[in-house]
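Protein chains: 2
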Amino acid sequence: MSTKVYVSAQEVAEKAGVSRSAVSRTFTPGASVSAETRRRVLEAADALGYHVNELARGLMRNESGIVCLIVSDVATPYRAALLRELTLQLQNAGKVAMLINTDRSDGSVDRALRQAISYRADASIILSGLPDKSIAQLCLRSGQRLVLINRDDDQPGPLRINLDDYEAAGRVVTAFVRAGCRRLAFANSEAGTPSLMARERGFVAAARALGMDVTVERYGWTGYEAGKVLAQRLLTRSERPDAVFCATDLLACGFMDTARHQFSMSIPNQLCVAGFDDIEQASWSSYDLTTFAQPVSTIASKAVEWLSEAQPEAVSNQEQSLRLRAELVWRGSIRGG
Amino acid sequence: MSTKVYVSAQEVAEKAGVSRSAVSRTFTPGASVSAETRRRVLEAADALGYHVNELARGLMRNESGIVCLIVSDVATPYRAALLRELTLQLQNAGKVAMLINTDRSDGSVDRALRQAISYRADASIILSGLPDKSIAQLCLRSGQRLVLINRDDDQPGPLRINLDDYEAAGRVVTAFVRAGCRRLAFANSEAGTPSLMARERGFVAAARALGMDVTVERYGWTGYEAGKVLAQRLLTRSERPDAVFCATDLLACGFMDTARHQFSMSIPNQLCVAGFDDIEQASWSSYDLTTFAQPVSTIASKAVEWLSEAQPEAVSNQEQSLRLRAELVWRGSIRGG
DNA sequence: CCCGCTGTTGCAAGCGTGTGCAAATGCTGC
DNA sequence: GCAGCATTTGCACACGCTTGCAACAGCGGG
Chain A
831 MSTKVYVSAQ EVAEKAGVSR SAVSRTFTPG ASVSAETRRR VLEAADALGY HVNELARGLM
891 RNESGIVCLI VSDVATPYRA ALLRELTLQL QNAGKVAMLI NTDRSDGSVD RALRQAISYR
951 ADASIILSGL PDKSIAQLCL RSGQRLVLIN RDDDQPGPLR INLDDYEAAG RVVTAFVRAG
1011 CRRLAFANSE AGTPSLMARE RGFVAAARAL GMDVTVERYG WTGYEAGKVL AQRLLTRSER
1071 PDAVFCATDL LACGFMDTAR HQFSMSIPNQ LCVAGFDDIE QASWSSYDLT TFAQPVSTIA
1131 SKAVEWLSEA QPEAVSNQEQ SLRLRAELVW RGSIRGG
Chain B
831 MSTKVYVSAQ EVAEKAGVSR SAVSRTFTPG ASVSAETRRR VLEAADALGY HVNELARGLM
891 RNESGIVCLI VSDVATPYRA ALLRELTLQL QNAGKVAMLI NTDRSDGSVD RALRQAISYR
951 ADASIILSGL PDKSIAQLCL RSGQRLVLIN RDDDQPGPLR INLDDYEAAG RVVTAFVRAG
1011 CRRLAFANSE AGTPSLMARE RGFVAAARAL GMDVTVERYG WTGYEAGKVL AQRLLTRSER
1071 PDAVFCATDL LACGFMDTAR HQFSMSIPNQ LCVAGFDDIE QASWSSYDLT TFAQPVSTIA
1131 SKAVEWLSEA QPEAVSNQEQ SLRLRAELVW RGSIRGG
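So the protein lines, in turn, are chains A and B.
To convert a position in the first sequence, counted from 1, into our numbering, add 830.
To convert a position in the second sequence, counted from 1, into our numbering, add 830.
Below you can see the structure in the form of structure tokens.
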């Protein structure tokens, strides 16, 4: 049981009776090799179990084919779905995803980026963490492409992909009003993410425009538990809201559960609820939640597409900001769909 | 806006007034450098923004620090949780995770492994796909360590981490019987994964041992939708079961939802339900599902620990199979906890 | 004063690949 | 048969790093 080491291009060349360059060219798309040489090389390579050493290749080309995904809350439904789509599409584009988890807050985003740089990643896609300016700078200065998803940031250079959170929130107000709701509430977390805040502002503004006031409550961190607490708070008020827009589907799930089980309210009869993200659970019959769909697939494809374009210096002339529309998915948590 | 290229050890050496080797040694733990040299190198490196090129380092050392995670169904709650834990612990051990998604079935596991090999990954952790023998062989022959999670395979070499699915299923029978249930059913998918099948066999065997029969139904692929269909089938039978063990929490969620909303059954009064995995949704108050917890954290730490041990040739002498206990988490979906 | 020892340092040889350049080869047209 | 050209091939260098080896400095003991 000898630990068979990796086989190098040199060995393949010897076996095939050609030069090492021929081997290299065989595995380099667009290089000049005769059909015959190619055949012999491929045959020898297969027999020996040869695989191009991407490390060495990356060293030469100064581009590794690696794309870093910098992400927190991987286990969260929305993030997981986005991650799935991104990895799939990156793979399809011949790139490979390096996953960096920033859940532990010990300055790990920083260490993560540094890691990414050490592996000479061609690009980083950030779907988490505060868009720390210095970090992004570091990234760009190293010649990396950078994509920020749902992280507003005013720097030029990176591609920013965002949704129309503000406008979407307005559309929910319309839906609530059409359902005959009068006492609107917005349930948010304290995370303060730009997209969360945009939803809040959009919701409040649209309500005001119709002459309605909205109760805003914020608590904790964007998850199911926070939704429960928010329901606690909002439903024990003197004037119960009859419509709640939750900044996130997870919040909405927690909210609905306590509204039903603890306050025995009926949805959508006594309370209309809307969420955001369209996570899988939103479609489960226990929730049947009307919500906004994140166009994960489009987000991913836009990002990968942008990364694949060879545009070394066409950086700041074109608009690097993408604004996608969040489509409302009608389900049963608002009356009269 | 000049595209600042990466800075090399050479430049750092010049700036610090030392040789390139000194720089290299400064960043190599355990190498012999004087405190003074070290200080000057670090200073210069910091000023220039130097980062060791892991590609080149990996080329020399013949180990890249990369660990491949080969996974399907990333967006699934259990998988996402495991993924989270693995990336976190790998990072902690100074390794970096390369994520390979095998959702698309176009022989992508094969391509994935090949990818892993091309990047000279030190190890691969497989939590998906059929444990294709030739693939695993390929992996091992290239000197990679291999970890299989919940994928039984009888090859020596890889570390196999499994749960006591068979015995756990037996414990659920006891719980059902104690709750006074008499008509047991098992809801499974058609995926036929070893662990799923072990749960089924264990459940049936334990019931038989108590002189009870169990209705087994299998449908589709392990998800929420399949759970709904399984409920359809099992609850329209002439003799409705009064206890169902679902092979997976996701199945259980789908099952409970149609049992309640479509058959207006009350859980746990008319129907006891148990699941497996303890995904986050199991604890949501709409489900409050009694289930088995996957010890994700332990699984991850065992895997990472094993990978970090320097055991080049102590391969087949010790038992490479780990069997962890799935702990039953009592919630409200079984009477009389 | 010299010997041997310990701790640092620099040199240079690799690691496995891509690629520019020049040589070689094959082919066409006269 | 030979010039002219297009295509293929091999040589050799570069990429950024690690590490064995030898040189060297410092230092205490005899």
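All C-beta atoms, glycine included, are put in the ideal place defined by N, C-alpha and C.
Computed from a prediction, not measured in an experiment: that's the story for all the values here.
Using a 10 Å radius around the Cβ and a threshold of 16 neighbouring Cβ atoms, would you call M928 (chain B) buried or exposed?
As a first step, residue 928 (chain B) must be located in the second sequence, where it is residue number 98. Classification of M928 (chain B): buried, given that the 10 Å Cβ count is 16 or more.
I need the DSSP call for L1101 (chain B), collapsed to helix, strand or coil.
Within the second sequence, the letter at position 271 stands for residue 1101 (chain B). If DSSP states are grouped into helix, strand and coil, L1101 (chain B) belongs with coil.
Please decide whether K1132 (chain B) counts as near chain A, where near means a Cβ-Cβ distance under 9 angstroms.
Along the second sequence, one-based indexing puts residue 1132 (chain B) at 302. No - not a single Cβ of chain A is within 9 angstroms of the one on K1132 (chain B).
Whose CA, out of A:R914, A:L1026, A:C1011 and A:Y1049, lies closest to the CA of A1130 (chain A)?
Against the first sequence, residue 1130 (chain A) aligns to sequence position 300. Closest option to A1130 (chain A), Cα to Cα, is A:R914.
Looking at C-alpha atoms only, which residue of B:F1093, B:L912 and B:R1070 is the closest neighbour of D903 (chain B)?
As a position in the second sequence, residue 903 (chain B) is number 73, starting the count at 1. When only C-alpha atoms are compared, the closest one is B:L912.
For Q1111 (chain A), which residues in chain B fall below 7 angstroms Cβ to Cβ?
Position 281 of the first sequence, counting from 1, holds the residue named residue 1111 (chain A). Simply Q1111.
Using C-beta distances below 6 angstroms, list every residue in its chain close to G1000 (chain B), excluding the 5 sequence neighbours before and after it, in chain order.
In the second sequence, residue 1000 (chain B) corresponds to position 170, counting from 1. Only G1032 and A1036 meet the Cβ criterion.
Simplified DSSP state of F1093 (chain B), which is helix, strand or coil:
For this step, residue 1093 (chain B) is matched to residue 263 along the second sequence. In this structure, F1093 (chain B) counts as coil in the three-state DSSP scheme.
For the ligand ZN, is there any heavy atom lying closer than 8 angstroms to the beta carbon of V1134 (chain A)?
What this structure holds is no ligand at all, so the ligand ZN is not there to describe.
For a cutoff of 9 angstroms on Cβ pairs, would you count S905 (chain B) as touching chain A?
Stepping through the second sequence from its first residue, residue 905 (chain B) is reached at position 75. At residue 905 (chain B) the sequence reads Ala, which differs from the Ser that was named. Cβ-Cβ to chain A under 9 angstroms: yes for A905 (chain B).
If you draw a straight line from the alpha carbon of A1017 (chain B) to that of G1053 (chain B), how long is it in whole angstroms?
Position 187 of the second sequence, counted from the first residue, corresponds to residue 1017 (chain B). Position 223 of the second sequence, counted from the first residue, corresponds to residue 1053 (chain B). Going by the C-alpha atoms only, they are around 11 angstroms apart.
Might you give, ordered along the chain, the residues of its own chain that have their beta carbon closer than 6 angstroms to the beta carbon of A1061 (chain A), omitting 5 neighbours on each side?
Against the first sequence, residue 1061 (chain A) aligns to sequence position 231. These residues qualify, in order along the chain: F1085, T1088 and A1089.
Suppose the cutoff is 8 angstroms on Cβ atoms and the five residues either side in sequence are ignored; what does the same chain contact list for P1098 (chain A) look like?
The residue you call residue 1098 (chain A) lines up with position 268 of the first sequence. Excluding positions up to five away in sequence, the list reads A1009, G1162, S1163, I1164 and R1165.
DSSP state of M817 (chain A), grouped into three classes?
Limits of chain A in this structure are 831 at one end and 1167 at the other, which puts residue 817 (chain A) out of reach.
Option in A:L1101, A:Q1111, A:R1070 and A:Q967 with minimal Cα separation from T1078 (chain A):
Translated into positions along the first sequence, residue 1078 (chain A) becomes position 248. It is A:Q1111 whose Cα lies nearest to the Cα of T1078 (chain A).
Buried or exposed for S1096 (chain B), going by 16 or more other Cβ atoms inside 10 Å?
Taking the second sequence and counting its residues from 1, the one referred to as residue 1096 (chain B) is at position 266. Classification for S1096 (chain B): exposed.
Jot down the residue ranges of each uninterrupted beta strand (DSSP E) in the stretch 865-904 of chain A, minimum 3 residues, whole runs only, in chain order.
896-901
Any chain B beta carbon closer than 9 angstroms to G973 (chain A)
Position 143 of the first sequence, counted from the first residue, corresponds to residue 973 (chain A). With 9 angstroms as the cut-off, G973 (chain A) counts as an interface residue toward chain B.
Please check if any C-beta of chain A sits within less than 9 angstroms of the C-beta of Y1049 (chain B).
On the second sequence, residue 1049 (chain B) is found 219 positions in, with the first residue counted as 1. False, the Cβ-Cβ gap to chain A never drops below 9 angstroms.
Would you kindly report the start and end of the unbroken beta strand (DSSP E) that includes N992 (chain B)?
Residue numbering aside, residue 992 (chain B) sits at position 162 when the second sequence is read from its first letter. It spans L989 to L993 - the beta strand (DSSP E) in which N992 (chain B) sits, taken as one unbroken run.
Let me confirm a value: P988 (chain A) is counted as buried when at least 16 other C-beta atoms fall within 10 Å, else exposed. Which label applies?
As a position in the first sequence, residue 988 (chain A) is number 158, starting the count at 1. Buried: at least 16 other Cβ atoms inside 10 Å.
State the CB to CB distance for the pair A951 (chain B) and V897 (chain B), rounded to an integer number of angstroms; the pair is presumed to be in contact (CB under 8 angstroms).
Here residue 951 (chain B) corresponds to residue number 121 of the second sequence, with the count starting at 1. Here residue 897 (chain B) corresponds to residue number 67 of the second sequence, with the count starting at 1. About 6 angstroms; that satisfies the 8 angstroms criterion.
Can you tell me whether DSSP reads R1048 (chain A) as helix, strand or coil?
Position 218 of the first sequence holds residue 1048 (chain A). R1048 (chain A): strand per DSSP, three-state reduction.
Taking the Cβ atom as the reference point for each residue, do S1116 (chain A) and C1083 (chain B) lie within a distance shorter than 9 angstroms?
Sequence index remark: in the first sequence, residue 1116 (chain A) carries index 286 (1-based). Sequence index remark: in the second sequence, residue 1083 (chain B) carries index 253 (1-based). Yes; because the gap between Cβ atoms is below 9 angstroms, this pair is in contact.
V977 (chain B), buried or exposed, once every other Cβ within 10 Å from all chains shown has been counted against 16
Translated into the one-based positions of the second sequence, residue 977 (chain B) becomes position 147. Buried is the call here.
Can a CB atom of chain B be found closer than 9 angstroms to the CB of T1190 (chain A)?
Residue 1190 (chain A) lies beyond the residue range present for chain A, which begins at 831 and ends at 1167; the question has no answer from this structure.
So is A877 (chain A) buried or exposed if we call it buried at 16+ other beta carbons inside 10 Å?
Taking the first sequence and counting its residues from 1, one reaches residue 877 (chain A) at position 47. The residue is exposed, with fewer than 16 neighbouring Cβ atoms inside 10 Å.
Suppose you measure from the CA of R1029 (chain A) to the CA of V926 (chain A); what does that come to, to the nearest Å?
Here residue 1029 (chain A) corresponds to residue number 199 of the first sequence, with the count starting at 1. Here residue 926 (chain A) corresponds to residue number 96 of the first sequence, with the count starting at 1. Going from the Cα of R1029 (chain A) to the Cα of V926 (chain A) covers about 33 angstroms.
Can you find a C-beta in chain A that's less than 9 angstroms from the C-beta of I955 (chain B)?
The count along the second sequence starts at 1 and reaches residue 955 (chain B) at position 125. By this cut-off, I955 (chain B) is not an interface position.
Just how far apart, CA to CA, sit T788 (chain B) and S1127 (chain A)?
The question about residue 788 (chain B) has no answer, for chain B in this structure spans 831 to 1167.
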